[in-house]
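Undergrad: Residue numbers (the numbering used here), protein chains in the order written: chain A, 795 to 910; chain B, 49 to 160.
This is the structure, below, for whatever I ask next.
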Amino acid sequence: GAGVSQSPSNKVTEKGKDVELRCDPISGHTALYWYRQRLGQGLEFLIYFQGNSAPDKSGLPSDRFSAERTGESVSTLTIQRTQQEDSAVYLCASSLVVGAGANVLTFGAGSRLTVL
Amino acid sequence: ILNVEQSPQSLHVQEGDSTNFTCSFPSSNFYALHWYRWETAKSPEALFVMTLNGDEKKKGRISATLNTKEGYSYLYIKGSQPEDSATYLCAPTTSGTYKYIFGTGTRLKVLA
Numbered sequence: 795g796a797g798v799s800q801s802p803s804n805k806v807t808e809k810g811k812d813v814e815l816r817c818d819p820i821s822g823h824t825a826l827y828w829y830r831q832r833l834g835q836g837l838e839f840l841i842y843f844q845g846n847s848a849p850d851k852s853g854l855p856s857d858r859f860s861a862e863r864t865g866e867s868v869s870t871l872t873i874q875r876t877q878q879e880d881s882a883v884y885l886c887a888s889s890l891v892v893g894a895g896a897n898v899l900t901f902g903a904g905s906r907l908t909v910l
Numbered sequence: 049i050l051n052v053e054q055s056p057q058s059l060h061v062q063e064g065d066s067t068n069f070t071c072s073f074p075s076s077n078f079y080a081l082h083w084y085r086w087e088t089a090k091s092p093e094a095l096f097v098m099t100l101n102g103d104e105k106k107k108g109r110i111s112a113t114l115n116t117k118e119g120y121s122y123l124y125i126k127g128s129q130p131e132d133s134a135t136y137l138c139a140p141t142t143s144g145t146y147k148y149i150f151g152t153g154t155r156l157k158v159l160a
């Protein structure tokens, strides 16, 4: 697609429910990232996928969080048994890979998650 | 984990003022420094990527410099306009990593 597409744009859920957030990266972008921004805080790295390499999951805050990516396309971030502290804007980004550390990220519009 | 600091945390300037803010990072194993602008209700968008000590980049009224030896980058905005109001984020990267750790950002508000 022309840009990074995320869905849903807004999700309100009750504490304890599971949620799935979807990211459709730019076609041809082999790297895909998930970040989140909680209220009043900065962009927090969660996970990244690069081609067929094992994902870097070092930013996932707990085992309630998981993410998958199908080949070099769509990714799904799943949060199980949501808690109020999971309320945040979840951003997905993708990039071409021309060299580690210098690739420009293109971000999606984000998914705003509110846990009541 | 990279310790990235951005200052100030926020600032308000009058339209037409010039301003600058700082991104500080560890200089060891440095590879590149990224600046992004994040406007309210929009997605972060890339401004600059710099890799070499002494690099200067410019995009319209916005420019950035890089000092890799002392571990800092400055972002300058000349003649600020209300549309420059945004959070400016930096992310230094180290050799061989694809992980981008962003600073907490500088929130700029330009008053008309």
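All residues carry an ideal CB built from backbone N, CA and C; glycine is no exception.
(1) Where does residue 53/B fall in DSSP's three states?
(2) List the residues of chain B that residue 903/A touches, going by C-beta distances under 9 Å, in chain order.
(3) Among 88/B, 95/B, 101/B and 51/B, whose alpha-carbon lies nearest the alpha-carbon of residue 130/B?
(4) In chain A, what lies closer than 7 Å to residue 147/B by C-beta?
(5) Return the chain-ordered ranges of every alpha helix (DSSP H) run that is complete within the stretch 82-160 of chain B and spans a minimum of 4 residues.
(6) Applying a beta-carbon distance threshold of less than 8 Å, which residues of chain A neighbour residue 152/B?
(7) Can you pull the chain A residues whose beta carbon is under 8 Å from the beta carbon of residue 99/B, in chain order?
(8) By Cβ distance, which residues of its chain are closer than 6 Å to residue 814/A, with the 5 residues on each side in sequence left out?
(9) Whose Cβ in chain A lies nearer than 8 Å to the Cβ of residue 80/B?
(10) Find the nearest neighbour of residue 111/B within the set 102/B, 101/B, 123/B and 117/B, judged by alpha-carbon distance.
(11) For residue 825/A, return the contacting residues in chain B, with the cut-off set at a CB-CB distance below 8 Å.
(12) Provide the residue(s) that pair with residue 887/A in DSSP beta bridges, ordered along the chain.
(13) Can you tell me which residues form a DSSP beta bridge with residue 863/A?
(14) Mind checking whether residue 904/A and residue 883/A have CB atoms under 8 Å apart?
(15) Using only the alpha-carbon positions, how far apart do residue 49/B and residue 147/B sit?
(16) Do we get a CB-CB distance below 8 Å when we pair residue 899/A with the residues of chain B?
(17) Closest to residue 134/B by CA distance: which of 95/B, 117/B, 105/B and 104/B is it?
(18) Which parts of the stretch 798-856 of chain A are runs of the beta strand (DSSP E), unbroken and 3 residues or longer, counting only runs that do not cross its ends?
(19) Can residue 811/A and residue 876/A be called in contact, C-beta distance under 8 Å?
(20) Does residue 137/B come within less than 8 Å of chain A when only Cβ atoms are used?
(21) The beta strand (DSSP E) that contains residue 59/B, what's its start and end?
(22) Any C-beta of chain A sitting closer than 8 Å to the C-beta of residue 58/B?
(23) Can you give the Cα-Cα distance for residue 829/A and residue 126/B, rounded to whole angstroms?
TA: Reading it off the structure:
(1) Here residue 53/B refers to the residue found at position 5 when the second sequence is read from its first residue. For residue 53/B, the three-state secondary structure derived from DSSP is strand.
(2) The sequence position of residue 903/A within the first sequence is 109, counting from 1. Within chain B, 89, 90 and 91 have C-beta atoms less than 9 Å from the C-beta of residue 903/A, given in sequence order.
(3) Locating residue 130/B in the second sequence gives position 82, where the first residue counts as 1. With distances taken between Cα atoms, residue 130/B lies closest to 88/B.
(4) Along the second sequence, one-based indexing puts residue 147/B at 99. Neighbours of residue 147/B in chain A, taken as residues whose beta carbon is under 7 Å from its own, are 839, 842 and 850 in chain order.
(5) Complete alpha helix (DSSP H) runs here, min 4: none at all.
(6) The count along the second sequence starts at 1 and reaches residue 152/B at position 104. What residue 152/B touches in chain A: 835 and 836.
(7) One-based indexing of the second sequence puts residue 99/B at position 51. Chain A residues near residue 99/B: 896.
(8) As a working note, residue 814/A is residue 20 in the first sequence. These residues qualify, in order along the chain: 870 and 872.
(9) Position 32 of the second sequence, counting from 1, holds the residue named residue 80/B. Simply 895 and 896.
(10) Along the second sequence, one-based indexing puts residue 111/B at 63. Of the listed residues, the one whose Cα sits closest to residue 111/B is 123/B.
(11) Position 31 of the first sequence, counted from the start, is the residue given in the question as residue 825/A. 146, listed in chain order.
(12) What you label residue 887/A is simply residue 93 of the first sequence in a count that begins at 1. DSSP lists 827/A and 901/A as partners of residue 887/A.
(13) Residue numbering aside, residue 863/A sits at position 69 when the first sequence is read from its first letter. Residue pairing for residue 863/A: DSSP places it in a beta bridge opposite 869/A.
(14) For this step, residue 904/A is matched to residue 110 along the first sequence. For this step, residue 883/A is matched to residue 89 along the first sequence. Taking 8 Å as the cut-off, the Cβ atoms of residue 904/A and residue 883/A count as close.
(15) Taking the second sequence and counting its residues from 1, the one referred to as residue 49/B is at position 1. Taking the second sequence and counting its residues from 1, the one referred to as residue 147/B is at position 99. Low confidence applies to residue 49/B: its pLDDT is 48, below 50, so where it sits in the model is not reliable enough to give any reading.
(16) Here residue 899/A corresponds to residue number 105 of the first sequence, with the count starting at 1. Output row for residue 899/A: interface = yes.
(17) Start at 1 with the first residue of the second sequence, and residue 134/B comes out as number 86. Comparing C-alpha distances from residue 134/B to each of 95/B, 117/B, 105/B and 104/B shows the shortest one belongs to 95/B.
(18) Here the runs fully enclosed are 799-801, 804-807, 813-818, 825-831 and 837-844.
(19) Taking the first residue of the first sequence as position 1, residue 811/A is located at position 17. Taking the first residue of the first sequence as position 1, residue 876/A is located at position 82. Annotated as proximal: residue 811/A and residue 876/A, with beta-carbon spacing under 8 Å.
(20) Locating residue 137/B in the second sequence gives position 89, where the first residue counts as 1. Using a Cβ-Cβ cut-off of 8 Å, residue 137/B counts as an interface residue toward chain A, since at least one Cβ of chain A sits closer than that to its own.
(21) For the purposes of this step, residue 59/B is taken as residue 11 along the second sequence, with counting starting at 1. Its beta strand (DSSP E) spans residues 58-62.
(22) Residue numbering aside, residue 58/B sits at position 10 when the second sequence is read from its first letter. With 8 Å as the cut-off, residue 58/B does not count as an interface residue toward chain A.
(23) Here residue 829/A refers to the residue found at position 35 of the first sequence. Here residue 126/B refers to the residue found at position 78 of the second sequence. If I take the Cα positions, the gap works out to 31 Å.
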